[in-house]
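Participant:
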């Protein structure tokens, strides 16, 4: 069998360990992500889903436990530029045009100029922003900015795409449209995606698997396979199976909450 | 367009009202001209000093200095003097030259009014000091932005220097570098402009959005790349704010530095001399020029700012 892309074993994260107000953010997390999976982490705020994502991306260090990404440490994976990251805020650089923002990782990775420009053009077309290459970030709406951020994250074809509530600040209509765009991009690029969200609909619609987490300490409550047919489209949301899965995720969330009370 | 007219017309109207009030008050209360000259008198004197009293033998002292060091006899001939006059002067001078030791140079004058020469001299002091002070400020900030320890160790000294009345050192720098040497004023200006530029640059380099930094980390960018592609562009608005403060300070430093002594052809010296001779409207005229130069420096910084960061929100 193919080697898993992400392998997490008994991972723990304690903020302020040894102090009076230590917080056990993640407890005994074990998770395996296979290539080309689309995994959503869902849970109440404070369940550590973002922390888990940041540990996978080597932006935060775990207190205990193992994490292996592409058969190496998360740190090495970051140095090897295996990650494309999209945060809740688009985090575009104000002083760069849309095209230059998409080129940023390519510049850092020393791609030749012609290839940088070709890739940027291709990526901007993919997120339907071909006409906005020379615009500055402030000239774009929030949804468009987030699409630029996605284009930037994908420009260097990372093997893993880490997305931390990328559409959390957007309105429902924009979010649904971008969900479709993300799926078509995922379909075309065959990357592995780890997606943090607190929207049940979004998680079920996008994912091949939804990992439900509970809060304080953050633990994996349930791991639900989403066996909806691919490719998904606007009709997917109206299928009976979609509602059943939504309900299943909602029940899992509720159960994990009530256990705490 | 109408927005612009509105934006600029209001201050102009206020200025005109102030000038009219000034003129009226001086006339109504019969205030003596040496206490407060009327704006019309000052303006008339300004035009007179700048345009109507050119000095045909005006010449930069630095030029003369350079020639003297080369063991040359320099004779300044008035601008526009006829050639016959020049050759007569040369012939007469040749007779007096010690044999083989010196050469003769006829330097034509520049026909500039003394106040313009003074303005140019003082402006050069201000510009030179500004370049040295803020240039060093930016360099020091950039080299310490990464090392919090160094920065924290330097900060108390920077604050101490800034809270000193730096202008009080003018007699000392005059002593060190020579009263006529523009560098003695440049040092004062450099000291005055160093701190605001440095502190603003440090702020801009360190007040970087955490997410922007994490983005860089996710691409495994090294510290130099982060400095070049994130910290420096992020610091630009801060640097220009520091430069705007420094531009205003530079003119103050140069003019006030000259109050403690300087060459005859310097704006600060001109002001003190005219005031000592009770020619207050001339002193006022020189002050207006100093203001104008200060504003020009400020506008120059704003122009550079627009060139350097057309993306910035303040230009939308």
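Protein chains in written order, with this note's numbering: chain W, 16 to 276; chain D, 115 to 430. For each residue, glycine too, the CB sits at the ideal point set by N, CA and C. Small disclaimer: the values here were computed from a predicted structure and weren't measured.
1. By alpha-carbon positions, which one of D:302, D:307 and D:380 ends up nearest to residue 289 of chain D?
2. Based on Cα-Cα distance, which residue from D:186, D:171 and D:206 lies nearest to residue 195 of chain D?
3. Is there contact here, the region 75-93 of chain W with the region 55-64 of chain W, by at least three beta-carbon pairs under 8 Å?
4. If you draw a straight line from the alpha carbon of residue 199 of chain W to that of residue 235 of chain W, how long is it in whole angstroms?
5. Is the region 302-320 of chain D touching the region 349-362 of chain D, taking contact as three or more C-beta pairs under 8 Å?
6. Evaluate contact between the region 240-256 of chain W and the region 216-227 of chain W, counting only Cβ atoms and requiring at least three cross-stretch pairs below 8 Å.
7. Can you pull the chain D residues whose beta carbon is under 9 Å from the beta carbon of residue 102 of chain W, in chain order?
8. Is it a yes or a no for the region 189-208 of chain D touching the region 220-229 of chain D, going by three-plus beta-carbon pairs under 8 Å?
9. Taking only runs of the alpha helix (DSSP H) that begin and end inside the region 45-116 of chain W, which ones reach a length of at least 4 residues, in chain order?
10. Roughly how many whole angstroms lie between the Cα atoms of residue 131 of chain W and residue 102 of chain W?
11. Residue 212 of chain W bridges to which residues according to DSSP?
12. Across the region 340-348 of chain D and the region 228-237 of chain D, are there enough close Cβ pairs to call them in contact, namely three or more that are closer than 8 Å?
13. Using a Cβ-Cβ cut-off of 6 Å (strictly less than) and excluding sequence neighbours within five positions of residue 363 of chain D, which residues of its own chain qualify?
14. My output table needs one value for residue 21 of chain W: the three-state DSSP class, helix, strand or coil.
15. Taking Cβ-Cβ distances shorter than 8 Å, what residues in chain D pair up with residue 126 of chain W?
16. If you pair each beta-carbon of the region 400-418 of chain D with each one of the region 324-340 of chain D, do three or more pairs fall below 8 Å?
17. Could you give the uninterrupted runs of the beta strand (DSSP E) lying entirely in the region 217-281 of chain D, keeping only those of 3 residues or more?
18. Give the interface partners of residue 96 of chain W over in chain D, defined as CB-CB distance under 7 Å, in chain order.
19. Please check if any C-beta of chain W sits within less than 8 Å of the C-beta of residue 339 of chain D.
20. Following the continuous alpha helix (DSSP H) through residue 128 of chain W, name the residue where it begins and the one where it ends.
21. Which word fits residue 250 of chain W, buried or exposed, when buried means at least 16 other C-beta atoms lie within 10 angstroms of its C-beta?
22. Please tell me whether residue 347 of chain D has its Cβ less than 8 Å away from any Cβ of chain W.
23. Within 10 Å of its beta-carbon, does residue 173 of chain W have 16 or more other beta-carbons around it, so buried, or fewer, so exposed?
24. According to DSSP, is residue 270 of chain W helix, strand or coil?
25. Helix, strand or coil, according to DSSP, for residue 144 of chain W in the structure here?
26. Could you give the residue range of the alpha helix (DSSP H) that holds residue 202 of chain W?
27. What is the rounded straight-line gap between the Cα of residue 208 of chain W and the Cα of residue 150 of chain W?
28. Starting from residue 324 of chain D, trace the alpha helix (DSSP H) both ways and give me its first and last residue.
29. Using the Cα positions of residue 328 of chain D and residue 201 of chain W, report the straight-line distance between them to the nearest angstrom.
30. Only counting the same chain, and skipping five residues up and downstream in sequence, which positions put a Cβ closer than 6 Å to that of residue 240 of chain W?
31. Please classify residue 42 of chain W: does DSSP put it in a helix, a strand, or coil?
32. Counting only Cβ-Cβ distances shorter than 9 Å, please list the residues of the region 56-74 of chain W near chain D, keeping chain order.
33. Under 6 Å Cβ to Cβ from residue 312 of chain D, same chain only, skipping five residues before and after it: list those, please.
34. List, in order along the chain, the chain W residues whose C-beta lies closer than 7 Å to that of residue 256 of chain D?
35. For a contact meaning CB atoms closer than 7 Å, what does residue 293 of chain W contact in chain D?
36. What are the start and end residues of the beta strand (DSSP E) that includes residue 186 of chain D?
Facilitator: Reading from the atomic positions:
1. For this step, residue 289 of chain D is matched to residue 175 along the second chain. Closest by alpha carbon: D:302.
2. Working through the second chain from its first residue, we reach residue 195 of chain D at position 81. The shortest C-alpha separation from residue 195 of chain D is found at D:171.
3. no
4. Reading the first chain from its first residue, position 184 is the one you call residue 199 of chain W. Reading the first chain from its first residue, position 220 is the one you call residue 235 of chain W. Each residue's alpha carbon lies about 28 Å from the other.
5. yes
6. yes
7. In the first chain, residue 102 of chain W corresponds to position 87, counting from 1. Residues of chain D passing the Cβ test: 325, 328 and 329.
8. yes
9. 64-71 and 89-94
10. Taking the first residue of the first chain as 1, we reach residue 131 of chain W at position 116. Taking the first residue of the first chain as 1, we reach residue 102 of chain W at position 87. Taking the straight line joining both Cα atoms gives about 23 Å.
11. Residue mapping note: residue 212 of chain W aligns to position 197 of the first chain, counting from 1. DSSP output for residue 212 of chain W lists W:57 as bridge partner(s).
12. no
13. Taking the first residue of the second chain as 1, we reach residue 363 of chain D at position 249. Hits under 6 Å: 306 and 307.
14. By 1-based counting over the first chain, the position of residue 21 of chain W is 6. If DSSP states are grouped into helix, strand and coil, residue 21 of chain W belongs with the strands.
15. Here residue 126 of chain W refers to the residue found at position 111 when the first chain is read from its first residue. Within 8 Å Cβ-Cβ: nothing; residue 126 of chain W doesn't reach chain D, min ~12 Å.
16. no
17. 217-222
18. As a working note, residue 96 of chain W is residue 81 in the first chain. Residues of chain D passing the Cβ test: 333 and 334.
19. For the purposes of this step, residue 339 of chain D is taken as the residue at position 225 of the second chain. Closer than 8 Å: yes.
20. Mapped onto the first chain, residue 128 of chain W falls at position 113. 128-141 is the span of the alpha helix (DSSP H), which, as asked, contains residue 128 of chain W.
21. Taking the first residue of the first chain as 1, we reach residue 250 of chain W at position 235. Per the 10 Å Cβ criterion, exposed.
22. Taking the second chain and counting its residues from 1, the one referred to as residue 347 of chain D is at position 233. Yes, residue 347 of chain D lies at the interface with chain W (some Cβ there is under 8 Å from its Cβ).
23. Locating residue 173 of chain W in the first chain gives position 158, where the first residue counts as 1. Looking at its Cβ environment, which holds 16 or more other Cβ atoms inside 10 Å, residue 173 of chain W is buried.
24. What you label residue 270 of chain W is simply residue 255 of the first chain in a count that begins at 1. Looking at residue 270 of chain W - three-state DSSP - the assignment turns out to be helix.
25. Along the first chain, one-based indexing puts residue 144 of chain W at 129. It is coil, neither helix nor strand.
26. If you number the first chain from 1, residue 202 of chain W lands on position 187. Looking at the DSSP string, the run of the alpha helix (DSSP H) that includes residue 202 of chain W is 187-204.
27. Taking the first residue of the first chain as position 1, residue 208 of chain W is located at position 193. Taking the first residue of the first chain as position 1, residue 150 of chain W is located at position 135. Those two C-alpha atoms are separated by around 29 Å.
28. Indexing the second chain from 1 puts residue 324 of chain D at position 210. Element bounds for residue 324 of chain D: 324-332.
29. Here residue 328 of chain D corresponds to residue number 214 of the second chain, with the count starting at 1. Here residue 201 of chain W corresponds to residue number 186 of the first chain, with the count starting at 1. One C-alpha to the other measures close to 23 Å.
30. For the purposes of this step, residue 240 of chain W is identified with residue 225 of the first chain, where counting begins at 1. So the list reads 224, once near-sequence residues are dropped.
31. To locate residue 42 of chain W, count along the first chain from 1; it is residue 27. Note: residue 42 of chain W maps to strand in three-state DSSP.
32. 69, 72, 73 and 74
33. The residue labelled residue 312 of chain D in the question sits at position 198 within the second chain. If we look at residue 312 of chain D and ignore the five residues flanking it on each side, its Cβ neighbours are 251, 254 and 255.
34. Position 142 of the second chain, counting from 1, holds the residue named residue 256 of chain D. Within 7 Å Cβ-Cβ: nothing; residue 256 of chain D doesn't reach chain W, min ~17 Å.
35. Any question about residue 293 of chain W goes unanswered here, given that chain W covers just 16 to 276.
36. Taking the first residue of the second chain as position 1, residue 186 of chain D is located at position 72. 186-191 is the extent of the beta strand (DSSP E) around residue 186 of chain D.
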